[in-house]
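Just so we're aligned, residue 1 is where the sequence shown starts under the UniProt record's numbering, counting upward by one. To start, the structure itself, in structure tokens.
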Amino acid sequence: MLRGLAIILVVLFHYPRPPGHDTYRMVANFGWTGVELFFVLSGFLIGAQFLEPMAKGETPSLPRFYLRRALRILPPFLVVLGLYLLVPAWSERPVVTPAWRFLTFTQNFGLHRNGFSRAWSLCVEEHFYLALPLTLLALRGRARAPYVLAGAVAVMVAGMLLRGGLWLHLFGKLGPDDMAWREYDTYLYYPTYARLDGLLCGVLLATVRVFRPALWQRWTHRPGVLLPAFGLLCLGGAAYVNQQYNRELSFAVLAFPLVSLGYAALLVSMAGPAASRVCARIPGVRTFAVLSFTVYLTHKSMQHLVRVTLEPHGMGTFHVVTLVGGAVAVLLASLLLHHAVERPALRWRERLERRLADRERREGPALL
Numbered sequence: 001m002l003r004g005l006a007i008i009l010v011v012l013f014h015y016p017r018p019p020g021h022d023t024y025r026m027v028a029n030f031g032w033t034g035v036e037l038f039f040v041l042s043g044f045l046i047g048a049q050f051l052e053p054m055a056k057g058e059t060p061s062l063p064r065f066y067l068r069r070a071l072r073i074l075p076p077f078l079v080v081l082g083l084y085l086l087v088p089a090w091s092e093r094p095v096v097t098p099a100w101r102f103l104t105f106t107q108n109f110g111l112h113r114n115g116f117s118r119a120w121s122l123c124v125e126e127h128f129y130l131a132l133p134l135t136l137l138a139l140r141g142r143a144r145a146p147y148v149l150a151g152a153v154a155v156m157v158a159g160m161l162l163r164g165g166l167w168l169h170l171f172g173k174l175g176p177d178d179m180a181w182r183e184y185d186t187y188l189y190y191p192t193y194a195r196l197d198g199l200l201c202g203v204l205l206a207t208v209r210v211f212r213p214a215l216w217q218r219w220t221h222r223p224g225v226l227l228p229a230f231g232l233l234c235l236g237g238a239a240y241v242n243q244q245y246n247r248e249l250s251f252a253v254l255a256f257p258l259v260s261l262g263y264a265a266l267l268v269s270m271a272g273p274a275a276s277r278v279c280a281r282i283p284g285v286r287t288f289a290v291l292s293f294t295v296y297l298t299h300k301s302m303q304h305l306v307r308v309t310l311e312p313h314g315m316g317t318f319h320v321v322t323l324v325g326g327a328v329a330v331l332l333a334s335l336l337l338h339h340a341v342e343r344p345a346l347r348w349r350e351r352l353e354r355r356l357a358d359r360e361r362r363e364g365p366a367l368l
């Protein structure tokens, strides 16, 4: 359910806001947090994948890990990237970023908004896939719970100080109408160093689940009121900062950690069997969660194509036909990409992983 919520927030954030409708605008403005929710979920799932074999005294296999990640991310990403680079009508904006920046996942550094700029989040994910396994393997057998917690707090505080320092250096003396504010996202939103909070919170939750299973079971089976209340309080604080002081110093320093902690608390609150059974009964939740990645890749371009097609016929951005048509187009495109590219790649991944696992059983696990 949380994955579906994340993609809904992202789609709302990327769609133009109608004039008036203050409540809708407030929700849509908060939609940027959907990516942070994806980061929390990614940190939790990827962290657990690596920590579970380590907890059993086994050596995680880097080749199998990178095989799984590559065939999960790259096939649909490369297809959509090809459409952006080779079919100009597909892009909602001109693509200015050179292709090599997309292919090397360095696009999120020095990024200015243009066609397919939302691929910045995949860059953060790829950097995480490189850093986390190497860090965990380096700390294997040496880390203790107090030191892990202290290190995580230190990284989060360091990120807050870095963002605050950059804000004071780059934007502290700007007036509200200064054009230099356009650089804000380039330095304080897209780069990996600004977006570690959600991934870190997810990895910490995975650490608790793997190494403190009794504590994890107590949290998830009896979350009570305090844990979800803490999550909602953090998200409420982030929403206040987002609405009142957007792009001010308080936003740069506090918004990301507040959102990450809030979604991490909600993840724990919804991870128990009772909440899972309730979420499973909601129609379409499972399907929408499965399609979340392909929806993320296609939604802006498909909504753009629908608007361009219907506007000459008097149906503008907020016409009901345009809204419904855009939603249907996104769903169809994501289904096509999922069934034609994503699912075959995942089946291929299963076959290759079995072969690699068989080889490792014969020869021993490979770290590199």
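Ideal Cβ positions, reconstructed from N, Cα and C, are used throughout, including at glycine.
When the Cα atoms are used, what is the spatial distance from residue i to residue j?
i: Cys-123; j: Val-155; result: 19 Å
i: residue 371; j: Leu-200; result: There is simply no residue 371 to check, as the chain begins at 1 and stops at 368 in what is shown.
i: Gly-4; j: Arg-281; result: 14 Å
i: Leu-368; j: Thr-33; result: Low per-residue confidence applies at Leu-368: pLDDT is 47, beneath 50, and the placement is therefore not dependable enough to give any value.
i: Leu-337; j: Ser-260; result: 30 Å
i: Val-66; j: Tyr-15; result: Note that residue 66 corresponds to Tyr in the displayed sequence, not to Val. Each residue's alpha carbon lies about 34 Å from the other.
i: Leu-132; j: Leu-310; result: 46 Å
i: Trp-181; j: Ser-334; result: 34 Å
i: Val-330; j: Val-320; result: 15 Å
i: Met-54; j: Ala-48; result: 10 Å
i: His-313; j: Pro-18; result: 19 Å
i: Gly-172; j: Ala-194; result: 18 Å
i: Ser-292; j: Ile-7; result: 6 Å
i: Tyr-84; j: Gly-284; result: 29 Å
i: Ala-229; j: Arg-354; result: 44 Å
i: Ile-46; j: Pro-60; result: 12 Å
i: Tyr-147; j: Leu-134; result: 18 Å
i: Leu-226; j: Thr-104; result: 43 Å
i: Arg-69; j: Glu-248; result: 36 Å
i: Thr-317; j: Gln-243; result: 24 Å
i: Leu-86; j: Val-79; result: 10 Å
i: Val-153; j: His-127; result: 20 Å
i: Tyr-24; j: Ala-357; result: 50 Å
i: Arg-362; j: Arg-343; result: 29 Å
i: Gly-224; j: Leu-233; result: 15 Å
i: His-169; j: Val-241; result: 21 Å
i: Glu-125; j: Arg-286; result: 23 Å
i: Val-157; j: Gly-20; result: 38 Å
i: Leu-352; j: Val-290; result: 22 Å
i: Ser-276; j: Thr-192; result: 32 Å
i: Leu-332; j: Pro-213; result: 41 Å
Compare the beta carbon distance of residue i and residue j with 7 Å and say whether it is the shorter of the two.
i: Ala-252; j: Trp-167; result: yes
i: Leu-235; j: Gly-272; result: no
i: Trp-219; j: Arg-209; result: no
i: Gln-107; j: Arg-101; result: yes
i: Gly-202; j: Gly-31; result: no
i: Leu-71; j: Arg-349; result: yes
i: Pro-75; j: Ala-345; result: yes
i: Ala-340; j: Val-40; result: no
i: Phe-50; j: Leu-136; result: yes
i: Leu-188; j: Gly-159; result: no
i: Tyr-190; j: Trp-120; result: yes
i: Leu-204; j: Gly-237; result: no
i: Cys-279; j: Met-1; result: yes
By alpha-carbon positions, which one of the options ends up nearest to residue i?
i: Gly-231; options: Leu-205, Asp-197, Ser-269, Val-203; result: Ser-269
i: Gly-110; options: Thr-220, Gln-243, Thr-97, Arg-354; result: Thr-97
i: Phe-116; options: Thr-298, Leu-332, Leu-136; result: Thr-298
i: Lys-300; options: Gly-326, Val-285, Thr-287; result: Gly-326
i: Val-306; options: Leu-37, Ser-250, Leu-266, Ser-91; result: Ser-91
i: Phe-38; options: Phe-256, Arg-247, Tyr-147, Arg-277; result: Phe-256
i: Pro-94; options: Asp-185, His-304, Glu-353, Arg-359; result: His-304
i: Asn-29; options: Leu-249, Ala-239, Val-328; result: Ala-239
i: Gly-164; options: Leu-254, Gly-175, Arg-212, Pro-223; result: Leu-254
i: Glu-360; options: Ser-276, Met-1, Glu-58; result: Glu-58
i: Leu-323; options: Glu-342, Met-302, Arg-343; result: Met-302
i: Arg-144; options: Ala-206, Phe-211, Asp-177; result: Phe-211
i: Leu-267; options: Ala-206, Ala-89, His-169; result: Ala-206
i: Glu-52; options: Phe-13, Arg-140, Pro-88; result: Arg-140
i: Arg-118; options: Tyr-296, Pro-176, Leu-352, Leu-332; result: Tyr-296
Hey, residue i and residue j are a contact pair by Cβ (cut 8 Å); roughly how many whole angstroms apart?
i: Val-11; j: Val-35; result: Rounded, the Cβ-Cβ distance is 12 Å, inconsistent with contact.
Any heavy atom of the ligand ATP closer than 6 Å to the Cβ of residue i?
i: Val-320; result: With respect to the ligand ATP, the structure offers nothing, as it holds no ligand at all.
Considering only residues of the region 145-183, which uninterrupted alpha helix (DSSP H) runs meet the minimum length of 4 residues and lie entirely inside it, listed in chain order? 145-170
Which runs of the alpha helix (DSSP H) fall wholly inside the region 298-367 and span at least 4 residues, in chain order? 320-337, 343-363
In chain order, which alpha helix (DSSP H) runs of at least 4 residues are fully inside the region 248-278? 249-270
Quick one: which unbroken alpha helix (DSSP H) runs of 4-plus residues sit fully inside the region 98-137? Chain order, please. 99-103
Those runs of the beta strand (DSSP E) which lie wholly inside the region 209-245 and span at least 3 residues: none
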